[in-house]
Each structure stands twice: as C-alpha cells, then as structure tokens.
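Chains as they are written, first to last, in our numbering: chain A, 1 to 255; chain B, 1001 to 1204.
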C-alpha cells in the first residue's frame, strides 16, 4: 500500500540552512550537504530544498550547489528557488534531482509548467503556493517573493487553474504557521485535497510526530512536510536533525 | 563492468554513486565505443515517454543497445521510463518504444480519491522467483513517481505487482532483462541491495 510521504523541507539562505519564522529569516541550522548526509542515514521519504534568496534577489538557481546536493541525496529530491525557464528545469532534472518546484514563475504564467512537463514529465513538476488567510473576506491569499507580493487571485481560483495544467504535485505552505509549531492547517489541506486530483503536500506548523499522524489520519494519503520539527529539538529549539525511524513511522501511517 | 546509459534522460549520477560506494566498477555510456568491456547495462529513464525515446534515438546508442540486449543477451536493468520504453508503445506519446517486451504503457484511470501521479513509497509482491529481490525489505518498499504504468501482454519469467487503485506491474524479469517502475537509486538500502544484486548475480 502507498504510504504518505513524510518530508523534511530545508531552506537555503546566505548559502547556509535557515529556519524561518513567519517567513522571516531565523536561526542558522547548518550546512546543507551535512544535513543531507544525516537525512540519508535516517532514510527519509523525500527531501525538499528551497533557496529562498534567489527569487527576491533575482538570481538563477546555483547549479553547482544543486549538483552537489543531488549527488549526495539517496532519497528523492525536490529543488525550488529561482527557476524561471524550461532550460533551468531540464538542467536541474538532468543532474539527478527528481522534481523541480516552481512558485513565482508558475504563478506568473502556468503555461511554463506545461512546457517543462513536456520534457521532464508532469510527475516532476511541483508548484509551491505560499498562502495566508485573507484578513478581510473569505479564503486564502497566495504570495510570492517570500511572502511580500500578493497574487491577484485567491487560492481556490489558482487551484482550479492548476488542475488545468501539467502539474504533478502542489506544496501548500501556510505562512501563518511557518516556524510556529502550532499544527497543520486542516482547512487548507481539506480545500487542496478536494480541489486537486494530484498529490498534495502540506507544509507549515508541524510541531510533533503526532501532528503528522493527525494529518495522515485525516487524508489517508498526503505529503506531510515540515521544517522546524526535523531540525530542532526542545523548547529552546536546539539544532538537532531528527526524523522518525522505521518503527516510529509505522505508527504514523493510516491503517 | 556495469555500463550506465547516459543519454540525457536519467539519473546516472545517483546510480554511479551507489556503485562507486559498493566498489563495483561502472562507467557511463555516452557513445557506442563506451560499450567496450561492459558486461551489464543500466537503462535509466526520466521524463515523458516521447522525450525519452527521442533522446535515445538521437544518442546514436539505440541500435548497438538493442543488439547487445536482444542478440548478445547481456543483462540489462531498466528503471522507471527505462522500463516503459521497453514496451511497444505508450498512451503518453506517439513514438514507438523499443518493443523488447510485448506490452503497452497505459495512463492510470483511477477513482478521484487516488491522486495521480502515484508518488511515494509503496510495497510489492513478487510472482515467480526473482533473486534480484533477495535481501530487500518488501514492507519498506521502493520509491515510485509515475502517471503511466506498464501493462504486459505476454508471460514473462517473473513480475512484481503493486497496488494503487489497481494492481499493476512494478517490476519484470524476462531472461536477461530486468526492469522496475520504481527508482532503486532513490530507495535507500532496498535500492542499493537491488542494484548490487543485479551487479553480482548471474542474470540470463
């Protein structure tokens, strides 16, 4: 039986790993390659690595860094941050990355996803949506550029649009929950899993393996991603890379 | 010597790295002269069916590859779309496959609660004996990411079956041909065991 995916999400900022809070740079949590090595040993299901500097600084993906990450990863890797062209996406996949994550470039023009999918296959095209509950009115707003630019369309409209394009997975990143370790936003996961017929991965808010268990129990099959949970330990957030072992994971899956 | 086909449509580095760590001699095959001295082949494949088939056609490797596999019967291991292009055709594209196996590649048509692509870790059950799975942990399974599946139209020596809404063929063994829908190069210790078995076992 297919298992839900439990996915650490690592953010690159100033060449190191950073754990943001409410989308603001926070604590330095170490060297990306070193983290990958530890996650290899822990046999993680998948890994998401997002460079949060590229889009805001107008930089292209750093292919050297991605190559070294891909070489090290013994698990499927999803890379995002600054991808704006088909060529970049194809180059990244050719280096041994399984999936490319697009956000601002896809939101500017979803046909980019179709063009990329025509070469690498739709299963490798991921759209990341950074979302925040609307302050006025209903629904959720979608942001790009690390939460600073609001997209004119609301989340439900964009999910509808994504269904009409060649996208293999959507990662929903709840800005309000980022670094807060307050649990996943089920209103969001319910909305995304009913609107979409492609895999959905939730990110933002996980504080314990129990939060992951609850999310999986609710949706049976889902991607449960987390940042803080897998890099911090304890109330004072000491940096310690962790991940449930095979036995612990068995208890988290839907029966 | 294991030859890994490097025709621009697969994760060759991850496979080479696993073999390097196992101290199993391997090299990338970029031109026909690279086939020299190779005893077994890995045929990776990532991308849409037509894109992968086109890349193989353009690589200039296809004829010699088919000769080695079908005439000289050297063992070959196809991975993901590397399995799918062994079929005659695919619903994903219009180009013909290699046709090594009497099969077609079909699109998953599943009830709405099954999201497609089939993405993540899944298990399998093996019918017949396939020593290539010796030492792998079925409960831990392998990593899949695909929207199309391999539908056999012939009896082969052994298959592995996986369930996602329907039961489909996730691995095959036909004489010197071994292939998996899942990604051993991204499946931690299970994948390493499988790639090692392919390298050290007698496959014919």
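C-beta: ideal position from N, C-alpha, C; glycine also.
Cut-off 7 Å between Cβ atoms - residues of its own chain near residue 1096 (chain B), not counting five sequence neighbours on either side | Contacts found: 1088, 1089.
Verify the CB distance criterion: does residue 1046 (chain B) have a CB-CB separation below 8 Å to chain A?
-> Interface residue, yes.
Write down the C-beta distance between residue 1198 (chain B) and residue 1077 (chain B) rounded to the nearest angstrom, noting that I regard them as a contact closer than 8 Å.
-> Confirmed, Cβ separation roughly 5 Å.
Considering only residues of the region 93 to 123 of chain A, which uninterrupted beta strand (DSSP E) runs meet the minimum length of 3 residues and lie entirely inside it, listed in chain order?
-> Annotation note: the region 93 to 123 of chain A contains the following uninterrupted beta strand (DSSP E) runs of length 3 or greater, listed N- to C-terminal: 99 to 102.
For residue 230 (chain A), three-class secondary structure by DSSP = If DSSP states are grouped into helix, strand and coil, residue 230 (chain A) belongs with the helices.
Examine chain B for any beta-carbon lying closer than 8 Å to the beta-carbon of residue 198 (chain A), and answer yes or no.
-> So yes, residue 198 (chain A) belongs to the interface.
Please confirm whether residue 1145 (chain B) and residue 123 (chain A) have their CB atoms less than 8 Å apart.
-> Result yes, Cβ atoms of residue 1145 (chain B) and residue 123 (chain A) sit closer than 8 Å.
What did DSSP end up calling residue 1059 (chain B) once you bin it into helix, strand or coil?
-> Note: residue 1059 (chain B) maps to helix in three-state DSSP.
Put residue 3 (chain A) into one of helix, strand or coil per three-state DSSP.
-> Coil, per DSSP.
Report all residues from its chain with a CB closer than 7 Å to the CB of residue 266 (chain A); omit the five preceding and five following residues, and keep chain order.
-> Shown here, chain A extends from 1 to 255; a query on residue 266 (chain A) therefore has no answer.
Can you list, in chain order, the residues of its chain whose CB lies under 6 Å from that of residue 220 (chain A), leaving out five sequence neighbours each side?
-> Here the set comprises 254.
Using a C-beta to C-beta distance shorter than 9 Å, which residues of chain A count as neighbours of residue 1140 (chain B)?
-> Here the neighbours are 43, 246.
Could you give the distance in angstroms between the alpha-carbon of residue 171 (chain A) and the alpha-carbon of residue 104 (chain A)?
-> Approximately 13 Å, taken between the alpha carbons.
What's the gap between the Cα of residue 88 (chain A) and the Cα of residue 66 (chain A)?
-> So the two alpha carbons sit approximately 11 Å from each other.
Among B:1165, B:1060, B:1173, B:1174, which residue has its Cα nearest to the Cα of residue 1107 (chain B)?
-> With distances taken between Cα atoms, residue 1107 (chain B) lies closest to B:1165.
Residue 1086 (chain B) CB to nearest chain A CB: under 8 Å?
-> Look at residue 1086 (chain B): its C-beta is not under 8 Å from any C-beta on chain A.
Residue 1116 (chain B) vs residue 197 (chain A) beta-carbon contact at 8 Å = Against a cut-off of 8 Å, the Cβ pair of residue 197 (chain A) and residue 1116 (chain B) comes out as a contact.
Rounded straight-line distance, which links the Cα of residue 231 (chain A) to that of residue 224 (chain A) | Going from the Cα of residue 224 (chain A) to the Cα of residue 231 (chain A) covers about 15 Å.
In angstroms with no decimal places, state the Cα-to-Cα distance between residue 109 (chain A) and residue 128 (chain A).
-> So the two alpha carbons sit approximately 14 Å from each other.
When you compare only the Cα positions, how much space is there between residue 39 (chain A) and residue 45 (chain A)?
-> Spanning the alpha carbons of residue 39 (chain A) and residue 45 (chain A) requires a straight line of approximately 9 Å.
Is any beta-carbon of chain B found at less than 8 Å from that of residue 228 (chain A)?
-> At a cut-off of 8 Å between beta-carbon atoms, residue 228 (chain A) makes no contact with chain B.
If you pair each beta-carbon of the region 88 to 97 of chain A with each one of the region 1007 to 1015 of chain B, do three or more pairs fall below 8 Å?
-> Yes, they touch.
Grab the span of the alpha helix (DSSP H) containing residue 56 (chain A) for me, first residue to last.
-> That run of the alpha helix (DSSP H) goes 54 to 57.
From the DSSP output, which residues share a beta bridge with residue 144 (chain A)?
-> As DSSP reads the structure, residue 144 (chain A) sits in a beta bridge with A:149.
Beta-bridge partners of residue 51 (chain A), as assigned by DSSP | Residue 51 (chain A) has A:12 as its beta-bridge partners, per DSSP.
Take residue 1126 (chain B) and list the residues in its own chain whose beta-carbon comes closer than 7 Å to its own, dropping the five residues that flank it on each side.
-> Leaving aside the five residues that flank residue 1126 (chain B) on each side, the residues in its chain whose CB is nearer than 7 Å to its CB run, in chain order, 1133, 1158, 1160.
Do residue 1059 (chain B) and residue 118 (chain A) have their C-beta atoms within less than 8 Å of each other?
-> No, the Cβ-Cβ distance between residue 1059 (chain B) and residue 118 (chain A) is not below 8 Å.
Answer with yes or no whether the minimum CB distance from residue 1019 (chain B) to chain A is below 8 Å.
-> Chain A contact via Cβ: absent.
State yes or no: is the beta carbon of residue 218 (chain A) nearer than 8 Å to at least one beta carbon in chain B?
-> Nearest CB-CB separation between residue 218 (chain A) and chain B: not below the 8 Å threshold.
Buried versus exposed call for residue 28 (chain A) [16 or more other C-beta atoms within 10 Å across all chains shown] = It counts as exposed.
Report yes or no: is there a C-beta of chain B within less than 8 Å of the C-beta of residue 215 (chain A)?
-> Not closer than 8 Å to any Cβ of chain B, the Cβ of residue 215 (chain A) fails to qualify, so no.
So, residue 1171 (chain B) versus residue 1124 (chain B), is the Cβ gap smaller than 8 Å?
-> At the C-beta level, residue 1171 (chain B) and residue 1124 (chain B) come within 8 Å of one another.
Taking the continuous beta strand (DSSP E) assigned at residue 1009 (chain B), which residues delimit it?
-> For residue 1009 (chain B), there is no enclosing beta strand (DSSP E), as DSSP gives it neither H nor E.
Helix, strand or coil at residue 249 (chain A) [DSSP, three-state] | Helix at residue 249 (chain A).
Nearest chain B C-beta to residue 2 (chain A) closer than 8 Å, yes or no?
-> Yes, residue 2 (chain A) lies at the interface with chain B (some Cβ there is under 8 Å from its Cβ).
Cutoff 7 Å; reference residue 70 (chain A); Cβ partners in own chain excluding five residues on either side | These residues qualify, in order along the chain: 77, 95, 96, 97.
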